[in-house]
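Enquirer: Protein chains in written order, with full-length UniProt numbering: chain A, 1 to 197; chain B, 1 to 197. Each residue gets a CB set at the ideal place from its N, CA and C atoms; glycine is no exception. Supplied in C-alpha cells, the structure appears directly below.
Number of protein chains: 2
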Amino acid sequence: MAEKVDHEERRRQIAEALLRIADTEGLQSASMRAVATEAGVSLRLVQYYFTTKQGLLLDALARLGAQLQARMERWIGEARAPREVVTAVLSCILPTDAESRRITRTYAAYYALVLSDPEVLEKQAAQPPVVLEGFLVKQLRAAQEAGGIAPERDVEMAAAGLLAMVNGLGSSVLGGQRTGEQALAVLSHHLDELFRP
Amino acid sequence: MAEKVDHEERRRQIAEALLRIADTEGLQSASMRAVATEAGVSLRLVQYYFTTKQGLLLDALARLGAQLQARMERWIGEARAPREVVTAVLSCILPTDAESRRITRTYAAYYALVLSDPEVLEKQAAQPPVVLEGFLVKQLRAAQEAGGIAPERDVEMAAAGLLAMVNGLGSSVLGGQRTGEQALAVLSHHLDELFRP
DNA sequence: ATTCGCATGGTACAGATGTATCACATGCAT
DNA sequence: ATGCATGTGATACATCTGTACCATGCGAAT
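Okay, here's the thing in C-alpha cells:
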C-alpha cells in the first residue's frame, strides 16, 4: 500500500480542500478532520503532509496567493496599453465571476486570522498589496507620460485610492450590498475619471 | 446576594468584554469563559444575561454599530457645509485614533463571521453601509447644487467609490501597509479631486 | 532474504467549548 | 412568616479539536 506517491500533488489536494471549506463555510469550520474528509483522506494523512495546522493554513494561503496572481497574469494577457493593464488588474480582483468570488471569499476568511496573528502571517500575506500598488504606480506613470492622464495628477495617490476602492468594493459585493456588475461599474467610472486629458 | 440589579448595565459590561476580546485577540478567542473572565463575572452570568453565544455575539455587534454611529455624529458635530460633513463622516471611519482603530479592528473581527453566517447576521449588519451611502449621496448632491462639485459629476458613483475606498484604506491600515495618517492623506487627496469647479 | 524507510490507518489523550443542571441565597408580595 | 421569582455559584456533560503514538503494508537496497 505504499507506492511512491507525489508529495506535492497530495499536498495540493489537501490544501485545496482547506481552501474550499474556507470559501464555503469559513475558516472556523476548517478543522483538521473536516479538511481530511473534504479531501477524501484520513486525518493521519493531513498530519503527515502538514505536520501542524498552522503549516497547513500557511501553505494553503500561499497557494491562494499564487492562484490570484495566476488569474491576474491571465487577465492581463494581451493587454498592452497601460490603461488596459490597469483595468485588467483591478477588475480581475472584483468578485464578478465564480473564480474571483471564490478567491475573494477565501481571502476574506483569512482576513480575521491574519489580523489576530500578526507575527507569523504578516510577512507572508502583506507583500502582494504593496507590490501590486507599486506595479500600478508604474503603469499609471507610463500612461501619464503618454498623455493619457493629466500631468498634474498624483499617480501614487490615484493608485493607492484605486486599490483600496477595489478592495472595499469587493467587500460590499461579498456583503451582498452590491452585485459584481455594479461594483465593476463603479470601478469603470473612476477609471474614466482618471484617464483623461 | 440577589439585589435587584440593572440588567442593561450588566449586559453592557459583558458585551463590551466580548468586544474588547474581539479587538485584541479576535473573535476566535472569545469563548464564553474568556468573556466571563474579561468581564469579571462567572460563566453562569454570561449564560444568564445572554442565553446563547449567538445572542451575545449579535448584541455586541449591535452595540458596536451604535458606538460607530455615535462617533460619526460626534465627528459631524458642528460641521455645516456638505464638504465638511462628508469629510467628517469618511475620515472618522479611518483607523487614525485609538477609538476608530478599536472599532475598525472589531468590525474586522466580525467580518468573517458575518460572511459565513449570512442568514442571521446579514439583516442586522448590512444596513449601515447602505444607509450611509445614501446619506453621502445627499450631501454630495447638495454640494453639487451649491457649485462645489462640477455638474457633470455622477455623485452616486462618487459616493460609492469614496465609501469603498475608505473601507479599503482601513483594511490596509489594519494590515500594516499604511499608517492612519497616510490613509487620511489619500482620502483628502481624492476629496480635493472631487470638490472642485 | 533481511532490513530499512516511506506511506497510511487507527486510536488515544488532554484540553477547550457551549450548554444544561442542581443548588442556594436574597428580596418582595402575600 | 411563607412562598415565589430573581440573581448567582459550582459543576457536569457531551462534543470537538489539535496532536501524539502505535501498528502495518510495501518497495527498495543490502
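1) So, are the CB atoms of B:A112 and A:A108 less than 8 angstroms apart?
2) Leaving out the 5 sequence neighbours to the left and right, which residues in its chain are closer than 8 angstroms to B:S29 when beta-carbon positions are compared?
3) In whole angstroms, what is the alpha-carbon distance linking A:A62 and A:G180?
4) Give the C-beta separation of A:V173 and A:L187 to the nearest angstrom, bearing in mind that I take them to be a contact with Cβ-Cβ under 8 angstroms.
5) Return the residue from the list B:G77, B:W75, B:R101 and B:R11 that minimises the CA-CA distance to B:Q47.
6) Between B:L169 and B:L94, is the Cβ-Cβ spacing less than 8 angstroms?
7) Give me, in chain order, the residues of the same chain whose beta-carbon lies closer than 8 angstroms to that of A:C137; leave out the 5 immediate sequence neighbours on both sides.
8) Any heavy atom of the ligand MN within a distance shorter than 7 angstroms of the CB on B:P151?
9) Output the boundary residues of the alpha helix (DSSP H) element that contains A:T52.
10) Please report the straight-line C-alpha distance between residue 198 of chain B and A:G26, rounded to a whole angstrom.
11) Among B:G175, B:G176 and B:H190, whose alpha-carbon lies nearest the alpha-carbon of B:I149?
12) Going along the chain, which unbroken runs of the alpha helix (DSSP H) with 4 or more residues stay wholly within the region 80-142 of chain A?
13) So, is B:T52 buried or exposed, given that buried needs 16 or more other C-beta atoms within 10 angstroms?
14) Specify the secondary structure class of A:A67 as computed by DSSP and reduced to three states.
15) Locate the alpha helix (DSSP H) running through A:Q28, then write down its first and last residues.
16) Please state the DSSP three-state secondary structure of B:T37.
17) Thinking A:L163 and A:L132 are a contact (beta carbons under 8 angstroms), I'd like their distance in whole angstroms, please.
18) Between B:G147 and chain A, is the shortest Cβ-Cβ distance under 8 angstroms, so that the two count as touching?
19) My output table needs one value for A:E16: the three-state DSSP class, helix, strand or coil.
20) In angstroms, rounded to a whole number, what distance separates the CA positions of A:A88 and A:A17?
21) Just to confirm, are A:F195 and A:A142 a CB contact at a threshold of 8 angstroms?
22) Taking the alpha-carbon of residue 215 of chain A as reference, which of B:S171, B:L115 and B:F135 has the nearest alpha-carbon?
23) Among the candidates A:G161, A:R178 and A:S171, whose CA atom is the shortest distance from the CA of A:E193?
24) Counting only beta-carbon separations shorter than 8 angstroms, does A:M1 have a partner in chain B?
25) Would you please verify whether the beta carbon of B:A108 is less than 8 angstroms from any beta carbon of chain A?
26) For B:V5, which three-state DSSP category applies?
27) With 8 angstroms as the threshold, decide whether the Cβ of A:V130 is near any Cβ in chain B.
28) Would you please state the rounded distance, in angstroms, between the beta carbons of B:C92 and B:R71? I believe it to be under 8 angstroms.
29) Under 8 angstroms between C-beta atoms, does A:E38 make it to chain B?
30) So B:A39 packs on B:Q67, CB below 8 angstroms; how close in whole Å?
Expert: Per the coordinate set shown:
1) Walking along the second sequence from the start, residue 112 of chain B turns up at place 112. Walking along the first sequence from the start, residue 108 of chain A turns up at place 108. With a cutoff of 8 angstroms on beta-carbon distance, B:A112 and A:A108 are scored as near each other.
2) Taking the second sequence and counting its residues from 1, one reaches residue 29 of chain B at position 29. Excluding residues within five positions, the ones whose Cβ falls inside 8 angstroms are I21.
3) Locating residue 62 of chain A in the first sequence gives position 62, counting from the first residue. Locating residue 180 of chain A in the first sequence gives position 180, counting from the first residue. Distance between the alpha carbons of A:A62 and A:G180: 25 angstroms.
4) In the first sequence, residue 173 of chain A corresponds to position 173, counting from 1. In the first sequence, residue 187 of chain A corresponds to position 187, counting from 1. In fact, because the Cβ distance is near 11 angstroms, the residues do not count as touching under 8 angstroms.
5) Indexing the second sequence from 1 puts residue 47 of chain B at position 47. The shortest Cα separation from B:Q47 among B:G77, B:W75, B:R101 and B:R11 belongs to B:R11.
6) Here residue 169 of chain B refers to the residue found at position 169 of the second sequence. Here residue 94 of chain B refers to the residue found at position 94 of the second sequence. Their beta carbons are under 8 angstroms apart, which means B:L169 touches B:L94 by this criterion.
7) The sequence position of residue 137 of chain A within the first sequence is 137, counting from 1. Just to set this straight, residue 137 of chain A is Val in the shown sequence, not Cys. Once the five neighbours on either side are set aside, the close Cβ partners of A:V137 are V155, E156 and A159.
8) Of ligands this structure carries none, so the ligand MN is not represented either.
9) Stepping through the first sequence from its first residue, residue 52 of chain A is reached at position 52. Annotation: A:T52 is outside any alpha helix (DSSP H) and is labelled neither H nor E by DSSP.
10) The structure shown does not extend to residue 198 of chain B, since chain B spans only 1 to 197, so no value can be given for it.
11) Reading the second sequence from its first residue, position 149 is the one you call residue 149 of chain B. With distances taken between CA atoms, B:I149 lies nearest to B:H190 out of B:G175, B:G176 and B:H190.
12) 82-91, 98-116 and 118-125, all fully within the region 80-142 of chain A.
13) To locate residue 52 of chain B, count along the second sequence from 1; it is residue 52. Exposed, because fewer than 16 other Cβ atoms sit within 10 Å of the Cβ of B:T52.
14) By 1-based counting over the first sequence, the position of residue 67 of chain A is 67. According to the sequence provided, residue 67 of chain A is Gln. The question's Ala does not apply to it. It is helical.
15) Taking the first residue of the first sequence as 1, we reach residue 28 of chain A at position 28. No alpha helix (DSSP H) contains A:Q28, which DSSP labels as neither H nor E.
16) Within the second sequence, the letter at position 37 stands for residue 37 of chain B. It is helical.
17) Along the first sequence, one-based indexing puts residue 163 of chain A at 163. Along the first sequence, one-based indexing puts residue 132 of chain A at 132. With a beta-carbon spacing of about 7 angstroms, A:L163 and A:L132 fall inside the 8 angstroms limit used to define contacts.
18) By 1-based counting over the second sequence, the position of residue 147 of chain B is 147. Not closer than 8 angstroms to any Cβ of chain A, the Cβ of B:G147 fails to qualify, so no.
19) Along the first sequence, read from residue 1 onward, the residue named residue 16 of chain A stands at position 16. In the structure shown, the three-state DSSP call for A:E16 is helix.
20) Here residue 88 of chain A refers to the residue found at position 88 when the first sequence is read from its first residue. Here residue 17 of chain A refers to the residue found at position 17 when the first sequence is read from its first residue. Going by C-alpha positions, A:A88 is about 29 angstroms away from A:A17.
21) Residue mapping note: residue 195 of chain A aligns to position 195 of the first sequence, counting from 1. Residue mapping note: residue 142 of chain A aligns to position 142 of the first sequence, counting from 1. Cβ atoms of A:F195 and A:A142: not closer than 8 angstroms.
22) Given a span of 1 to 197 for chain A in the structure shown, any question on residue 215 of chain A remains unanswerable.
23) If you number the first sequence from 1, residue 193 of chain A lands on position 193. Nearest to A:E193 by alpha-carbon distance, out of A:G161, A:R178 and A:S171, is A:G161.
24) On the first sequence, position 1 is the one that residue 1 of chain A refers to. Interpretation of A:M1 is limited by its pLDDT of 43, a score under 50 that renders its predicted location unreliable; no figure is taken from the coordinates.
25) The residue given as residue 108 of chain B occupies position 108 in the second sequence. Yes, B:A108 lies at the interface with chain A (some Cβ there is under 8 angstroms from its Cβ).
26) Along the second sequence, one-based indexing puts residue 5 of chain B at 5. B:V5 falls in the coil class under three-state DSSP.
27) Numbered from its first residue, the first sequence carries residue 130 of chain A at position 130. Cβ-Cβ to chain B under 8 angstroms: yes for A:V130.
28) Your numbering for residue 92 of chain B matches position 92 in the second sequence. Your numbering for residue 71 of chain B matches position 71 in the second sequence. Correct: roughly 6 angstroms between the Cβ atoms.
29) Counting from 1 along the first sequence, the entry for residue 38 of chain A is found at position 38. Residue contact check for A:E38 against chain B: no CB pair falls below 8 angstroms.
30) Position 39 of the second sequence holds residue 39 of chain B. Position 67 of the second sequence holds residue 67 of chain B. Rounded, the Cβ-Cβ distance is 17 angstroms, inconsistent with contact.
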